[in-house]
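Colleague:
Chains as they are written, first to last, in the working numbering: chain A, 6 to 150; chain B, 0 to 79.
Here it is, written out as structure tokens:
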């Protein structure tokens with residue numbers, strides 16, 4: 006198992022060799038990338054920031070939970086911070102398991118928990134030159150921040 | 000006692016700072032920190048119940064603080 010919050014570009018396929026073993030019949034790679042449109046607005050790029058020490062800790066917790074729940078220690082997760090362009094990989098999750106079902110379940114668990122719990126924020130850069138923190142306008146019960 | 004308060008992303012932008020030191024009486028809770036921050040200019044934009052963490056762990060408002068604790072007020076997260 007390994008997790009990392011990094012400032013450099015990701016090399017997702019390199020993670021596959023870290024999790025592959027002859028006992029693992031399923032090797033799964035999820036890559037999250039910067040999309041060109043969000044909520045109907047053209048996007049030109051994305052800036053990721055984090056509460057870094059807590060993000061490291063929370064991501065580690067999530068992967069340990071997945072290992073226990075789905076029965077594999079062959080998991081590597083990297084999340085990138087900084088300014089990313091369209092199509093750049095922001096997150097890569099590699100999971101290997103003897104069977105595909107658990108590999109898919111573990112990968113899905115990790116990305117969904119990451120999106121709910123890991124203190125990382127993204128400042129969306131729009132094609133019209135404006136910028137906005139993602140999710141800030143949708144805080145339940147609060148004003149738009 | 001003194002605790003460190005961290006602000007991030009939209010909250011840091013709204014209040015105009017990313018960290019501050021807050022003096023509190025013994026037995027103070029995370030809620031006392033939030034009340035203090037709410038008195039700052041721009042803080043009216045905080046939601047009624049923001050996500051909170053103490054020493055890098057999510058915490059409840061009634062969590063009792065110790066000297067030198069690090070309290071984070073966490074905007075809606077958006078990783079991935």
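Backbone N, C-alpha and C fix where the C-beta goes; we use that ideal spot for every residue, glycine too. The structure presented is a predicted model; accordingly, all values stated were derived computationally and were not measured.
1) Could you name the residues of the same chain whose beta carbon sits closer than 8 Å to that of residue 7(B), not counting the 5 residues immediately before and after it, in chain order?
2) Between which two residues does the alpha helix (DSSP H) harbouring residue 49(A) extend?
3) Any C-beta of chain B sitting closer than 9 Å to the C-beta of residue 47(A)?
4) List the whole-angstrom C-beta distance separating residue 24(A) from residue 81(A), where the pair is believed to meet the contact cut-off of C-beta under 8 Å.
5) Using the beta-carbon count (16 or more within 10 Å), is residue 88(A) buried or exposed?
6) Go ahead and label residue 85(A) buried or exposed: buried means 16 or more other beta carbons lie within 10 angstroms of its beta carbon, across all protein chains shown.
7) Would you be able to state if there are at least three C-beta pairs under 8 Å between the stretch 31-45 of chain B and the stretch 115-123 of chain A?
8) DSSP three-state label for residue 76(A), please.
9) Near residue 136(A), which residues of its chain fall below 7 Å by C-beta distance, leaving aside the five closest residues on each side in sequence?
10) Measuring only between beta-carbons, confirm whether residue 15(A) sits less than 9 Å from chain B.
11) Just curious, the alpha helix (DSSP H) that residue 119(A) is in, first and last residue?
12) Please classify residue 63(A): does DSSP put it in a helix, a strand, or coil?
13) Give a yes or no on contact between the stretch 41-50 of chain B and the stretch 24-32 of chain B, applying the rule of three or more CB pairs nearer than 8 Å.
14) In terms of DSSP beta bridges, what is residue 7(B) paired with?
15) Can you list, in chain order, the residues of its chain whose CB lies under 7 Å from that of residue 78(A), leaving out five sequence neighbours each side?
16) Could you check which residue in 30(A), 48(A), 27(A), 34(A) has the C-alpha nearest to that of residue 115(A)?
17) If we count the other Cβ atoms within 10 Å of its Cβ and call it buried at 16 or more, is residue 43(B) buried or exposed?
18) Based on the DSSP secondary-structure assignment, which residues constitute the bridge partners of residue 84(A)?
19) Taking residue 46(A) as the reference, give the member of 141(A), 138(A), 133(A), 70(A) with the closest Cα.
20) Mapping the DSSP letters down to three states, classify residue 13(B) as helix, strand or coil.
21) For residue 58(B), is the classification buried or exposed, using 16 other Cβ atoms within 10 angstroms of its Cβ as the cut-off for buried?
22) Which chain A residues are close to residue 52(B), counting only those with a beta carbon under 7 Å from its beta carbon?
Modeller: Once the coordinates are examined:
1) 17, 71, 72, 73, 74
2) No alpha helix (DSSP H) holds residue 49(A); the beta strand (DSSP E) holding it covers 46-55.
3) False, the Cβ-Cβ gap to chain B never drops below 9 Å.
4) 6 Å
5) exposed
6) buried
7) Taking a cut-off of 8 Å on C-beta distances, the stretch 115-123 of chain A does not touch the stretch 31-45 of chain B, as fewer than three cross pairs fall below it.
8) coil
9) 128, 129, 130
10) Output row for residue 15(A): interface = no.
11) 105-122
12) helix
13) Flag = no, the stretch 41-50 of chain B and the stretch 24-32 of chain B do not touch.
14) Answer is none; residue 7(B) lacks a bridge partner.
15) Result list for residue 78(A): 6, 72, in chain order.
16) 34(A)
17) Residue 43(B) should be labelled exposed.
18) Listed as beta-bridge partners of residue 84(A) by DSSP are 10(A), 96(A).
19) 133(A)
20) helix
21) buried
22) Below the 7 Å Cβ cutoff, chain A contributes 59 as neighbours of residue 52(B), in chain order.
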